[in-house]
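The numbering used here applies: residue 450 is where the sequence shown begins, and numbers increase by one.
Every residue, glycine too, gets a C-beta built ideally from N, C-alpha and C.
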Amino acid sequence: MIRYNPKTWFGQIFLFHRSDTLRILWQEMLIMGIYSGILTWIITVNFPDHQHFKNTLSVHSLVGFVMGLFLVFRTNTAYDRWWEGRKLWGSLVNVSRNLSIKLNAFVKNDSPEKKEIIQLLSFFPFAVKEHLRNQQQVSFDQFELSREIREELIQADHLPNAIVQIIYGRLKEISKRQEITAEEMLILDKELSELLNIVGGCERIRSTPIPYSYSLFMKKFIFIYTVTIPIGLIPDFIYWTIPITMFIFYVMVSLEILAEEIEDPFGTDDNDLPTDEIAEKIALNIQEIETKKRGSV
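Shown next as structure tokens:
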């Protein structure tokens, strides 16, 4: 995710990063400019009075209003998915903290099972992040996990589920030694269930894209509109039609590209959620809670 100062808007006008739509679309814009230039020349040479095309711009004005509504809906829908993903990861931060604090409050002894649970909780956001990116290989290097746990996680098809399952197993061992009460176990169970609910919410966003027919219709709509609009512009603007068409194409297609980029917010694009940073933050919070607990003993 790109960090920026929203108050320096004038400087950002002249700033181009790798995801900037102008950098992505410059070749297509050049093609549109060449196309509109050829079309302008043909119409100007063969129809110098432009009488046949004077009323076509009014049609594009009506169609443009409809397309504007479609683009607004498309962008809002994509942003809603992005924001929903951010809220889910915000909940992941809170639930991870709550679970770590309650575990340290309920379980006084630093048993091997408790240490494993702490490490698994620290690892959980990294596992969710890679799971949402369909990554098969996950690094365990910064976590103190036993070889048995690592092998079990490597073989798991659904890594977040496997982590929660192992945590339940370790809590069961702690409960057998009566180091935790049934009421406390229910409280921890509620937090663990919420972890999986968060994962399920993220999976719902990732696995449910915008319907294909809607996306295809928008692309065709934009293409037909931008290809035909020079015909309506030529009678009034003649060769100024070229930059105007390029600009209209840039605006229309940029909105669609931005919507496509943010509708799946869990990837590595510049405008995706900073899940790497959030995962690091969760791990640091959990380790800090554990360190303070040890210092207070």
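Query                                                                                                                             : Result
Status (buried if at least 16 other CB within 10 Å, exposed otherwise) for residue 630                                            : exposed
The stretch 696-711 in contact with the stretch 733-742 per 3-pair CB rule at 8 Å                                                 : no
Range covered by the alpha helix (DSSP H) that runs through residue 793                                                           : Any question about residue 793 goes unanswered here, given that the chain covers just 450 to 746.
Proximity of residue 699 and residue 474 at Cβ, strictly below 9 Å                                                                : yes
Alpha-carbon to alpha-carbon, residue 575 and residue 717                                                                         : 14 Å
Option in 692, 634, 693 with minimal Cα separation from residue 554                                                               : 634
Distance CB(residue 511)-CB(residue 683) smaller than 9 Å                                                                         : no
Neighbourhood of residue 685 by C-beta distance below 7 Å, restricted to the same chain and skipping five residues each side      : none
Coil, strand or helix - residue 728 by DSSP                                                                                       : helix
Burial state of residue 591, where buried means 16 or more other Cβ atoms lie within 10 Å                                         : exposed
Sequence-distant residues of its chain with Cβ nearer than 8 Å to residue 572 (five each side left out)                           : 589, 592, 594, 612, 732
Chain-order list of residues whose beta-carbon lies under 7 Å from that of residue 569 (same chain, five-residue window excluded) : 612, 615, 616
CB of residue 655 within 9 Å of CB of residue 704, strictly                                                                       : no
Extent of the continuous alpha helix (DSSP H) to which residue 525 belongs                                                        : 505-555
Cut-off 6 Å between Cβ atoms - residues of its own chain near residue 679, not counting five sequence neighbours on either side   : 485, 488, 690, 694
The ligand SAH heavy atom lying under 8 Å from the CB of residue 572                                                              : Absence of the ligand SAH from the depicted structure is noted, as is the absence of any ligand whatsoever, leaving it without description.
Residue from 528, 637, 587 with nearest C-alpha to residue 544                                                                    : 637
Residue range of the alpha helix (DSSP H) that includes residue 688                                                               : Per DSSP, residue 688 belongs to no alpha helix (DSSP H) and is neither H nor E.
Straight-line gap, residue 674 to residue 502 (C-alpha atoms, nearest Å)                                                          : 15 Å
Residue range of the alpha helix (DSSP H) that includes residue 497                                                               : Element bounds for residue 497: n/a, residue is neither H nor E.
C-alpha distance - residue 533 paired with residue 643, whole-angstrom precision                                                  : 16 Å
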